[in-house]
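A.B. asks:
Chains as they are written, first to last, in the numbering used here: chain A, 1 to 599; chain B, 1001 to 1599.
Next comes the structure, spelled out in structure tokens:
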């Protein structure tokens, strides 16, 4: 057994002392961050299901059981890591999904005790849903009884890294302008103030960043309150340098202690109308603002950050060129050294990081590279580590999903390449994924179309053969903020947000055979106006990412002329944009990779 | 001006007397019927926007304006019919959509007066939405002040047609079994009783029908209450024949007067938990049941009717053969008589009705035929009438959307045929619509897929050229009940219902050029298990409708080999299934229409 058995025993003793039937442990923080700072990664500590990139999951501990829910990206990894921890994996999506709230409320009666959890790390809407189902069954929820912190003896402290200003010349918009647009959006939703918990929204509005609060994302830990008279950043004072104080003063943003949100709202007038997003705000903060004062909403605020300016998109094009150059050098190295049989996943991950950081405007990677050889490529969110890293030898597929945080924008790209002699089946599957990628990349659609409506375009060729991936096809991407950003998405479940010109999403269909190999092809695309017709206004995607797709893996038998044309056009653009930035040897390598293909 | 100006003047006088700023007039009845009985078609009477098939629309009358909201199927028709009535058409979907509730609540202040409407003809969820927006703006809603009935001097009475029993041998399931399954579904949603307003649900559960309460649908006007001890049908006694009384007694269903629902609930215990669907139940009935007793839901009950048994599907296959025979005879007549230049839309509509009713198991059409020549084909829900009927002459496209109510099931089919010399543009557009129809017909998809996810398959080829239709691609279809039935649908907006084996939907993409021509191709399809793979359980559609698609309208240049194969396979099945039911001349005609095509 791993040490987790001890943690579980300690937690269960506390549960018994407090008459708790089930203790639910959040995988996130008071800001509903996808990747929380170490201070809030207690669920990873408790379960040993963890990674540098964070792991989506919620744990439930009962008197005689322990469970960890996660989504299909992590099924293989979680099954492996949860071994000998006392925890059982539960599937939160896919054909065998079990709903956590239904499960928790169906497995106990009132006399077994309360359902305990930390209301500051679960969203208000989640808590409301839990409470509503629990009430029907007369179960008692206690959002103030966390218990985890009492057994987590090695808990790291809250991050205290200094902020810096994101050059407003690069951003193309002052914090003042963003605050004004945010307040206008707040008023359009019928409120006169807003309380924001989402760290990417706060970084976006304030044009402030930090290096290390959270790995791979330059956001910082704080809350933000805005109305026409007051602009308050709730933040630890240690994080404010004189330069940042000057920036804050310039925009009339005062600071208060991070934990003083409750006191602040006690002193506001009772007829204040505060816009709060119940999905992005913790239950505790929601109660602090005060239900009577709250207007639920925030879609119009989230939308502001989602729609990138033309200036931001032109900067991102520059970042994409830099990223393409780094990947060219990286892939040349792989091809050169693969025959020696000494390449390892972890070695490649480190080399890739260095190729990106060679560019002075690259501040960090945008996530730990997902770099999996054959079977490891089937672990959707696999990250190689010292303890676990395959040597790249023999024949097969290498999946590389990585990205950079450039001052000019955030990148995210996946390529799957063949090494040695990949099988015909691998090539056939690669081509099905590619056909889906192309169908989505080429899509044209009327104004008002949501990502959900387009999602099947990427999946159709797989479904036709009874194959499927269950993760999303596309997520929003921030501008030197989070690599995963809302509100728009291209997913199977409906996300009620229309794709608008300026929104960036990924296009990343895949296919995964547990224990054998994985395939994913990912570019970032931006929604762009196409044309106005008598039937309305139409948009299309413009692909931003610049790096060749491995044409040696294509099964030409199942490619249509239109698909071949798309690929040749794409490769022509990659070649023409990257070549001026490469030396002669690199340019010659790229030229070969971008060579036109035909039947 | 039409007479509607007088009605408006009378209504406005009453509004003034009662201090009403806006009077909202429903287009439906206390059962939220798509096609209400004449007794509840006051909105059609008031606005003159009307048709045999019913028209979707809600009217709003103010002191100095009058408006009628409708959806894109009716834009052309409503614009025409509303001329000189004092009403202005408002678009409820598409790129220029205006939200009725937002409009009503933004155009008045408290001092202008109340917002009045008849709470018995609007769904509870709609009223709740209106009230919530109105409350924010301090506007007063009065759901008990209808006013319309006070000016509607020619209002028809409630329908009093006798019921009959739908042969339970054909249905394949007794009312007892359906009641038991319904109560199990009710309990699965946490309730111990249910109050049902939807007439198709009531007809389905009771295995009872009537001929003329509502044109084109054998459903009858009633409410149904079910719990473990009581089964109550609220219905006018005149409708109950001795045979029907025997059927009701057999299943312990008692009857009470139609209007006694309020009294009934006053006498039930207060701790009753009643499952009510707030979208299908009127605000008034909802209040009668009593909010404190209500559990909102009903999805699991609606699902029961949506999933057809194998027996029902095999019966529907028989109905499809009968329908194909009627259409064969009808289309042969068109081809024979078109050269004479004497065919008219209304004449064809009558002839088509007769061809269907020639079969003794065909009880009625399932809706008034939509039969439009060229420009009239662009009116999505056009019906020819005495006053308005084109002669079929010259070159172009004839759109025919029709269906039958057979004891063996309900049919719904659209064909667009070329007469004379259709233009290349018409053929190109027809082929784009056909490609979408085929893409959807061929779709395979994992368990859990919703219609919304597949919708784009039917639209993609149109969008690619900046063309679009804005109606749904597929609606559910009842079994000798309504031709439009929930819960599943294939639409742009998300309908959170997975397609399940046994669910029948239409597949009907189209394209409409106002003033020029319209195209639609519609078959009914049933979701069917395909196969189980390591990636989950997969389904596919099986096309049920049997009638050739006009191959003379196909632009072969843009058809793929796979699409041609689908069409040839489909035509081979049509020919083999219908030929045994036809005489030699008919069989020979069909053989030519079903001839294999190739590039």
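A virtual CB, placed ideally from N, CA and C, is assigned to each residue, including glycine.
What do you get for residue 1084 of chain B, buried or exposed, if any count of 16 or more other CB atoms within 10 angstroms of its CB means buried?
C.D. replies: Residue 1084 of chain B sits at position 84 when you count from the first residue of the second chain. Burial call: exposed.
A.B. asks: Along the stretch 1458-1485 of chain B, what residues have a CB closer than 9 Å to any CB found in chain A?
C.D. replies: Close to chain A, meaning a Cβ-Cβ distance shorter than 9 Å, are the following residues of the stretch 1458-1485 of chain B: 1459, 1460, 1462, 1463, 1464, 1465, 1466, 1467, 1468, 1469, 1470.
A.B. asks: Going along chain A, which residues have a C-beta under 8 Å from residue 1095 of chain B?
C.D. replies: On the second chain, residue 1095 of chain B is found 95 positions in, with the first residue counted as 1. The answer, in chain order, is 446, 447, 448, 536, 537.
A.B. asks: Pull the bridge partners of residue 1233 of chain B from the DSSP assignment, please.
C.D. replies: Locating residue 1233 of chain B in the second chain gives position 233, where the first residue counts as 1. Paired residues: B:1224, B:1255.
A.B. asks: With a Cβ-Cβ cutoff of 8 Å, do residue 1528 of chain B and residue 1408 of chain B count as a contact?
C.D. replies: Against the second chain, residue 1528 of chain B aligns to sequence position 528. Against the second chain, residue 1408 of chain B aligns to sequence position 408. Their beta carbons are not under 8 Å apart, which means residue 1528 of chain B does not touch residue 1408 of chain B by this criterion.
A.B. asks: Considering residue 1463 of chain B, what are the terminal residues of the alpha helix (DSSP H) in which it resides?
C.D. replies: The residue given as residue 1463 of chain B occupies position 463 in the second chain. Segment 1451-1463, the alpha helix (DSSP H) holding residue 1463 of chain B.
A.B. asks: When Cβ atoms are compared, which residues of the stretch 1084-1111 of chain B fall closer than 7 Å to chain A?
C.D. replies: 1095
A.B. asks: So what's residue 683 of chain A in DSSP terms, helix, strand or just coil?
C.D. replies: The structure shown has nothing for residue 683 of chain A, since chain A only spans 1 to 599.
A.B. asks: Would residue 1020 of chain B pass as a contact of residue 1058 of chain B if the rule is Cβ separation under 8 Å?
C.D. replies: By 1-based counting over the second chain, the position of residue 1020 of chain B is 20. By 1-based counting over the second chain, the position of residue 1058 of chain B is 58. For residue 1020 of chain B and residue 1058 of chain B, no; Cβs fall outside 8 Å.
A.B. asks: Counting only runs that start and end within the stretch 1138-1219 of chain B, where is the alpha helix (DSSP H) found for 4 or more residues in a row?
C.D. replies: 1148-1151, 1168-1171, 1175-1188, 1199-1206
A.B. asks: Applying the 10 Å Cβ sphere with the 16-neighbour rule, what's the burial state of residue 380 of chain A?
C.D. replies: As a first step, residue 380 of chain A is located in the first chain; it is residue number 380 there, counting from the start. The residue is buried, with at least 16 neighbouring Cβ atoms inside 10 Å.
A.B. asks: Using DSSP's beta-bridge definition, name the partner residues of residue 23 of chain A.
C.D. replies: For this step, residue 23 of chain A is matched to residue 23 along the first chain. Partner(s): A:61, A:116.
A.B. asks: For the putative contact between residue 303 of chain A and residue 273 of chain A, defined by C-beta atoms under 8 Å, what is the C-beta separation to the nearest angstrom?
C.D. replies: Stepping through the first chain from its first residue, residue 303 of chain A is reached at position 303. Stepping through the first chain from its first residue, residue 273 of chain A is reached at position 273. Incorrect: roughly 20 Å between the Cβ atoms, too far for contact.
A.B. asks: Just to confirm my understanding: we take residue 62 of chain A, look at its own chain, exclude 5 residues before and 5 after, and list those with CB closer than 7 Å. What are they?
C.D. replies: Within the first chain, residue 62 of chain A is the residue found at index 62, counting from 1. Hits under 7 Å: 21, 22.
A.B. asks: The beta strand (DSSP E) spanning residue 242 of chain A covers which residue range?
C.D. replies: The sequence position of residue 242 of chain A within the first chain is 242, counting from 1. Residue 242 of chain A -> not in any beta strand (DSSP E); alpha helix (DSSP H) instead, spanning 242-250.
A.B. asks: Count Cβ pairs between the stretch 1463-1474 of chain B and the stretch 1179-1191 of chain B that sit closer than 8 Å; are there 3 or more?
C.D. replies: Taking a contact to require three or more Cβ pairs closer than 8 Å, the stretch 1463-1474 of chain B and the stretch 1179-1191 of chain B do not qualify as touching.
A.B. asks: Starting from residue 1510 of chain B, trace the beta strand (DSSP E) in both directions and tell me its first and last residue.
C.D. replies: As a first step, residue 1510 of chain B is located in the second chain; it is residue number 510 there, counting from the start. Where residue 1510 of chain B is concerned, the enclosing beta strand (DSSP E) stretches over 1510-1513.
A.B. asks: Quick one: which residues of the stretch 183-206 of chain A get their C-beta closer than 9 Å to a C-beta of chain B? List them in chain order.
C.D. replies: 190
A.B. asks: Name the chain A residues that come within less than 9 Å of residue 1136 of chain B, Cβ to Cβ?
C.D. replies: To locate residue 1136 of chain B, count along the second chain from 1; it is residue 136. Those within 9 Å of residue 1136 of chain B in chain A are 190, 295.
A.B. asks: Taking the beta carbon of residue 475 of chain A as the centre, do at least 16 other beta carbons fall within 10 Å, making it buried, or is it exposed?
C.D. replies: Here residue 475 of chain A is taken as the residue at index 475 of the first chain, counted from 1. Buried, by the Cβ-count rule.
A.B. asks: Can you give the Cα-Cα distance for residue 281 of chain A and residue 1277 of chain B, rounded to whole angstroms?
C.D. replies: Against the first chain, residue 281 of chain A aligns to sequence position 281. Against the second chain, residue 1277 of chain B aligns to sequence position 277. One C-alpha to the other measures close to 30 Å.
A.B. asks: Is any beta-carbon of chain A found at less than 8 Å from that of residue 1492 of chain B?
C.D. replies: Numbered from 1 along the second chain, position 492 holds the residue referred to as residue 1492 of chain B. With 8 Å as the cut-off, residue 1492 of chain B counts as an interface residue toward chain A.
A.B. asks: Would you check if the distance between the CB atom of residue 199 of chain A and the CB atom of residue 300 of chain A is smaller than 8 Å?
C.D. replies: The sequence position of residue 199 of chain A within the first chain is 199, counting from 1. The sequence position of residue 300 of chain A within the first chain is 300, counting from 1. No, the pair does not count as a contact, with Cβ atoms beyond the cut-off.
A.B. asks: Whole angstroms is fine: what's the gap from residue 1194 of chain B's alpha carbon to residue 565 of chain A's?
C.D. replies: Counted from its first residue, the second chain places residue 1194 of chain B at position 194. Counted from its first residue, the first chain places residue 565 of chain A at position 565. C-alpha separation (whole angstroms): 58 Å.
A.B. asks: Which same chain residues, not among the five before or five after residue 1431 of chain B, have their C-beta less than 6 Å away from its C-beta?
C.D. replies: Mapped onto the second chain, residue 1431 of chain B falls at position 431. If we look at residue 1431 of chain B and ignore the five residues flanking it on each side, its Cβ neighbours are 1554, 1555, 1558.
A.B. asks: From the DSSP output, in three-state form, read off residue 1541 of chain B for me.
C.D. replies: If you number the second chain from 1, residue 1541 of chain B lands on position 541. Here residue 1541 of chain B sits in strand by DSSP.
A.B. asks: Could you list the residues in the stretch 536-556 of chain A with a C-beta less than 8 Å from some C-beta on chain B, going in chain order?
C.D. replies: 536, 537, 538
A.B. asks: Is there a Cβ from chain B that is less than 8 Å from the Cβ of residue 488 of chain A?
C.D. replies: As a working mapping, residue 488 of chain A is identified with position 488 in the first chain. Taking Cβ atoms only, chain B never reaches closer than 8 Å to residue 488 of chain A, which makes this a no.
A.B. asks: If the cut is a Cβ gap below 7 Å, which residues of chain A does residue 1455 of chain B touch?
C.D. replies: Counting from 1 along the second chain, the entry for residue 1455 of chain B is found at position 455. Within chain A, the residues near residue 1455 of chain B are 453.
A.B. asks: Which residue comes first and which comes last in the alpha helix (DSSP H) that contains residue 1326 of chain B?
C.D. replies: The residue labelled residue 1326 of chain B in the question sits at position 326 within the second chain. Residue 1326 of chain B -> alpha helix (DSSP H) spans 1310-1337.
A.B. asks: For residue 439 of chain A, which option in A:426, A:449, A:447, A:454 has the closest C-alpha, if you only look at C-alpha atoms?
C.D. replies: Counted from its first residue, the first chain places residue 439 of chain A at position 439. When only C-alpha atoms are compared, the closest one is A:454.
A.B. asks: Report the three-state DSSP secondary structure of residue 18 of chain A (helix, strand or coil).
C.D. replies: Taking the first chain and counting its residues from 1, the one referred to as residue 18 of chain A is at position 18. In the three-state DSSP reduction, residue 18 of chain A falls in the coil class, being neither helix nor strand.
A.B. asks: Could you check the C-alpha separation between residue 1486 of chain B and residue 1495 of chain B for me, to the nearest Å?
C.D. replies: For the purposes of this step, residue 1486 of chain B is taken as the residue at position 486 of the second chain. For the purposes of this step, residue 1495 of chain B is taken as the residue at position 495 of the second chain. The straight-line gap from Cα to Cα measures roughly 10 Å.
A.B. asks: In the DSSP assignment, what residue or residues form a beta bridge with residue 1276 of chain B?
C.D. replies: Residue numbering aside, residue 1276 of chain B sits at position 276 when the second chain is read from its first letter. Its beta-bridge partners are B:1296.
A.B. asks: Expressed to the nearest angstrom, what Euclidean distance is found between the alpha-carbon atoms of residue 1520 of chain B and residue 1510 of chain B?
C.D. replies: As a working mapping, residue 1520 of chain B is identified with position 520 in the second chain. As a working mapping, residue 1510 of chain B is identified with position 510 in the second chain. C-alpha separation (whole angstroms): 4 Å.
A.B. asks: Answer with buried or exposed for residue 1422 of chain B, where buried requires no fewer than 16 other C-beta atoms within 10 angstroms of its C-beta.
C.D. replies: Within the second chain, residue 1422 of chain B is the residue found at index 422, counting from 1. Label assigned to residue 1422 of chain B: buried.
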